[in-house]
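Asks: Here it is, the structure, as structure tokens.
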Amino acid sequence: MDTTILNSLQTAIKRGLDWLVAQDAKINEIKDFAAHYKAAYLYAVTGMSERSRKYAELLATSYLRKDGDLRMSDDVKGWQHMPASPHNRYIYGNGWAVAGLQKIGAYGVVAKALPFLEKFQDPLSGGFYSRYDIKQKKIDRSRTDTSSTCSGTLALLACGKFEQAVKGADYLVRMMEDQPQRDRFFFTTLVKESGIFTDVFHNEDATAFDSRKHFCVSTEHNALYEMVWFLGMPMKILGLVYEVTSDKKYLDCAAQYFNFFNKLSSERWQNNSGTKIMWGTSELYHQTKKTEYYDAAVRYATWLTESQLESGEWVHSLWYKSIEEQPFQATLDLVQEYVSEFCDTLYAICR
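Heads up: the sequence shown begins at 1335 in the numbering used here, then just goes up one per residue.
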């Protein structure tokens, strides 16, 4: 790996971790699952065992419910600054949390949280259900989506549930194969009765529950404001499942996700959800040694490290214009995610 980007990533990781440690008093006051769901994963991949234990205890005592769900209270999930996220991807945070808790050895919490997560996997398609009626405690089994499936499959892989993880990857393959307008759009959601959900062109406000951006990545809009992570996370999951199975169809499908990303406008390389592109392409480089994946991972890593504030934070420009405008829990989520995925990227490229 080029020493320049290696040093840049290591500097960004240290700066981000230093910022997180300095925020401890403020973090302790935050009562939103959105602020903590990636913390266990972060401190697992950075080897900070003391902080790993702290967050395992926090998740177990403050967020784990009797039914195995992780949420703020009996009828509140979290994401108070962005309620559209759990509305459309209810168990996304659960998958990250379970994967991280398993990595740090918090098996008691995982034993309670994993069965709840597994209930969301559709036994036929392998995809994970998108929505949950938190008042009625009832899964909406009418729709599945790729990002819920990626998060759920990440947890299944971490927990050694390989047969179920393969089903999740097969869902990602079918979702790409069945796209009705692959040169123009990538639709993320499958409705059981009608197929891929394409009736999405009503609202461009990314904060809205029914925003097109929650259901579709478009080549016809400025890629600076598209949720390109919908393309990057499947690349990572498909690469990991290839390592489990040695079945080339997963690499072939990951290449299709990457090819669609490259159809987006040039602004795709300056998108704050692009850590998932870096994360995914670094895994594909590890599996294939193809320079196009290495170059993409390094290009994104370079932009991300250069856009880090001196304080160690980032501003998520899909939603916010300044760090002052960005809610604290959103900043926590972003720093935890970026540092985690920087570490995974280094591991994938250098091993």
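Don't be surprised by glycine CBs; every beta carbon is placed ideally from N, CA and C.
Here the structure is a predicted model, which means the values were calculated and not measured.
1) Val1410: beta carbon under 8 Å from a heavy atom of the ligand NAP?
2) Which residues does DSSP pair with Gln1455 in a beta bridge?
3) DSSP on Ser1476, reduced to helix/strand/coil?
4) So Glu1577 and Gln1621 are in contact, right, with Cβ under 8 Å, and what is the actual spacing, rounded?
5) Here's a check: name, in chain order, each residue in its chain whose Cβ is nearer than 8 Å to the Cβ of Ser1656, leaving out the five neighbours to either side.
6) Please determine, among Phe1549, Ile1683, Ser1645, Gly1573, the residue with the shortest C-alpha to C-alpha distance to Thr1665.
7) Taking 8 Å as the limit between beta carbons, can you name the residues of its chain near Thr1345, skipping five residues before and five after?
8) Is it the case that the Cβ atoms of Thr1553 and Asp1517 are separated by a distance below 9 Å?
9) DSSP three-state label for Val1551, please.
10) Taking all protein chains shown into account, do 16 or more other C-beta atoms lie within 10 angstroms of the C-beta of Phe1496, making it buried, or fewer, making it exposed?
11) For the candidate residues Leu1643, Lys1597, Lys1583, whose alpha-carbon lies nearest to that of Leu1618?
12) Can you give me the start and stop residues for the alpha helix (DSSP H) that Leu1351 sits inside?
13) When the Cα of Arg1405 is compared with those of Gly1434, Ala1356, Asp1366, Lys1372, which residue comes out closest?
14) Can you tell me which of the three DSSP states Gly1429 falls into?
15) Counting Cβ pairs, one atom from each stretch, are 3 or more of them under 8 Å apart for the region 1395 to 1404 and the region 1424 to 1440?
16) Looking at Ile1571: is its Cβ nearer than 9 Å to the Cβ of Leu1488?
17) What separation, rounded to the nearest whole angstrom, lies between the Cα atoms of Tyr1424 and Cys1550?
18) For Ala1394, which residues of its own chain have a beta-carbon under 6 Å away from its beta-carbon, when the five flanking residues on both sides are left out?
19) Who are the Cβ neighbours of Ser1386 in its own chain at under 7 Å, not counting the five residues just before and after it?
20) Kindly indicate the opening and closing residues of the alpha helix (DSSP H) around Leu1638.
21) Might you give, ordered along the chain, the residues of its own chain that have their beta carbon closer than 8 Å to the beta carbon of Gly1608, omitting 5 neighbours on each side?
22) From Ile1339 to Ala1631, what distance separates their C-alpha atoms?
23) Apply the 10 Å Cβ neighbour rule to Glu1658 and answer buried if 16 or more other Cβ atoms are within range, or exposed otherwise.
24) Go ahead and label Lys1472 buried or exposed: buried means 16 or more other beta carbons lie within 10 angstroms of its beta carbon, across all protein chains shown.
25) Label Glu1511 either buried or exposed according to how many other C-beta atoms from any shown protein chain fall within 10 Å of its C-beta, with 16 as the threshold for buried.
26) What would DSSP say about Asp1467, mapped onto helix, strand or coil?
27) Just the C-alpha distance for Phe1531 and Gly1486, rounded to the nearest angstrom, thanks.
28) What would DSSP say about Ser1485, mapped onto helix, strand or coil?
29) In the region 1557 to 1616, which residue ranges form an unbroken beta strand (DSSP E) of at least 3 residues, counting only runs that do not cross its ends?
30) Nearest-angstrom Cα distance between Glu1560 and Asn1606?
31) Where does Phe1535 land, buried or exposed, given buried means 16+ other C-beta within 10 angstroms?
32) Under DSSP, the alpha helix (DSSP H) around Thr1665 begins and ends at which residues?
33) So, helix, strand or coil for Ser1383, using DSSP?
34) Alpha carbon to alpha carbon, how far is Phe1454 from Glu1527?
35) Assuming the contact rule is C-beta atoms closer than 8 Å, Pro1721 and Leu1506 should be a hit. Round their C-beta distance to whole Å, please.
Replies: Per the coordinate set shown:
1) You won't find the ligand NAP in this model; it holds no ligand whatsoever.
2) On the sequence shown, position 121 is the one that residue 1455 refers to. According to DSSP, Gln1455 shares a beta bridge with Phe1462.
3) Indexing the sequence shown from 1 puts residue 1476 at position 142. DSSP places Ser1476 within a strand segment (E or B) once states are collapsed to three.
4) Here residue 1577 is taken as the residue at index 243 of the sequence shown, counted from 1. Here residue 1621 is taken as the residue at index 287 of the sequence shown, counted from 1. Yes, Glu1577 and Gln1621 are in contact; Cβ-Cβ is about 7 Å, under 8 Å.
5) As a working note, residue 1656 is residue 322 in the sequence shown. In the same chain as Ser1656, and ignoring 5 residues on each side of it, the C-beta atoms closer than 8 Å to its own belong to Val1649, in chain order.
6) Start at 1 with the first residue of the sequence shown, and residue 1665 comes out as number 331. The candidate whose alpha carbon is nearest that of Thr1665 is Ser1645.
7) As a first step, residue 1345 is located in the sequence shown; it is residue number 11 there, counting from the start. Here the set comprises Thr1639.
8) Position 219 of the sequence shown, counting from 1, holds the residue named residue 1553. Position 183 of the sequence shown, counting from 1, holds the residue named residue 1517. The answer is yes: Cβ separation under 9 Å.
9) Walking along the sequence shown from the start, residue 1551 turns up at place 217. Strand.
10) Residue numbering aside, residue 1496 sits at position 162 when the sequence shown is read from its first letter. Under this definition Phe1496 is an exposed residue.
11) Locating residue 1618 in the sequence shown gives position 284, counting from the first residue. It is Lys1583.
12) Translated into positions along the sequence shown, residue 1351 becomes position 17. Looking at the DSSP string, the run of the alpha helix (DSSP H) that includes Leu1351 is 1337 to 1356.
13) Here the question's residue 1405 lines up with position 71 in the sequence shown. The candidate whose alpha carbon is nearest that of Arg1405 is Asp1366.
14) Here residue 1429 refers to the residue found at position 95 when the sequence shown is read from its first residue. Helix, per DSSP.
15) They touch, by the three-pair rule.
16) As a first step, residue 1571 must be located in the sequence shown, where it is residue number 237. As a first step, residue 1488 must be located in the sequence shown, where it is residue number 154. Between Ile1571 and Leu1488, the gap from beta carbon to beta carbon is short of 9 Å.
17) Within the sequence shown, the letter at position 90 stands for residue 1424. Within the sequence shown, the letter at position 216 stands for residue 1550. Straight through space, the alpha carbons of Cys1550 and Tyr1424 are spaced by roughly 18 Å.
18) Taking the first residue of the sequence shown as 1, we reach residue 1394 at position 60. Taken in chain order, the residues that qualify are Val1443.
19) Sequence index remark: in the sequence shown, residue 1386 carries index 52 (1-based). Only Ala1374, Tyr1377, Ala1378, Ile1438 meet the Cβ criterion.
20) Taking the first residue of the sequence shown as position 1, residue 1638 is located at position 304. Its alpha helix (DSSP H) spans residues 1625 to 1640.
21) For the purposes of this step, residue 1608 is taken as residue 274 along the sequence shown, with counting starting at 1. Same-chain partners within the cutoff: Val1562, Trp1563, Gly1566, Arg1602, Tyr1634, Trp1637, Leu1638.
22) Taking the first residue of the sequence shown as 1, we reach residue 1339 at position 5. Taking the first residue of the sequence shown as 1, we reach residue 1631 at position 297. Cα-Cα distance, rounded: 10 Å.
23) Within the sequence shown, numbered from 1, the residue matching residue 1658 stands at position 324. Exposed: under 16 other Cβ atoms inside 10 Å.
24) To locate residue 1472, count along the sequence shown from 1; it is residue 138. Exposure of Lys1472 is indicated by the presence of fewer than 16 other C-beta atoms within 10 angstroms of its C-beta.
25) Within the sequence shown, numbered from 1, the residue matching residue 1511 stands at position 177. By the neighbour-count definition (other C-beta atoms within 10 Å, threshold 16), Glu1511 is an exposed residue.
26) For the purposes of this step, residue 1467 is taken as residue 133 along the sequence shown, with counting starting at 1. Assignment of Asp1467 by DSSP, reduced to helix, strand and coil, places it in the strand class.
27) Position 197 of the sequence shown holds residue 1531. Position 152 of the sequence shown holds residue 1486. Distance from the CA of Phe1531 to the CA of Gly1486, rounded to the nearest whole angstrom, comes to 20 Å.
28) For the purposes of this step, residue 1485 is identified with residue 151 of the sequence shown, where counting begins at 1. Ser1485 falls in the helix class under three-state DSSP.
29) Runs found: none.
30) Numbered from its first residue, the sequence shown carries residue 1560 at position 226. Numbered from its first residue, the sequence shown carries residue 1606 at position 272. When rounded, the separation of the alpha-carbon atoms in Glu1560 and Asn1606 is 10 Å.
31) As a first step, residue 1535 must be located in the sequence shown, where it is residue number 201. Looking at its Cβ environment, which holds fewer than 16 other Cβ atoms inside 10 Å, Phe1535 is exposed.
32) The residue labelled residue 1665 in the question sits at position 331 within the sequence shown. Its alpha helix (DSSP H) spans residues 1662 to 1684.
33) Along the sequence shown, one-based indexing puts residue 1383 at 49. When DSSP states are grouped into helix, strand and coil, Ser1383 belongs to the helix group.
34) As a first step, residue 1454 is located in the sequence shown; it is residue number 120 there, counting from the start. As a first step, residue 1527 is located in the sequence shown; it is residue number 193 there, counting from the start. Taking the straight line from one Cα to the other gives about 18 Å.
35) Here the chain has residues from 1335 to 1685 only, and residue 1721 is not among them.
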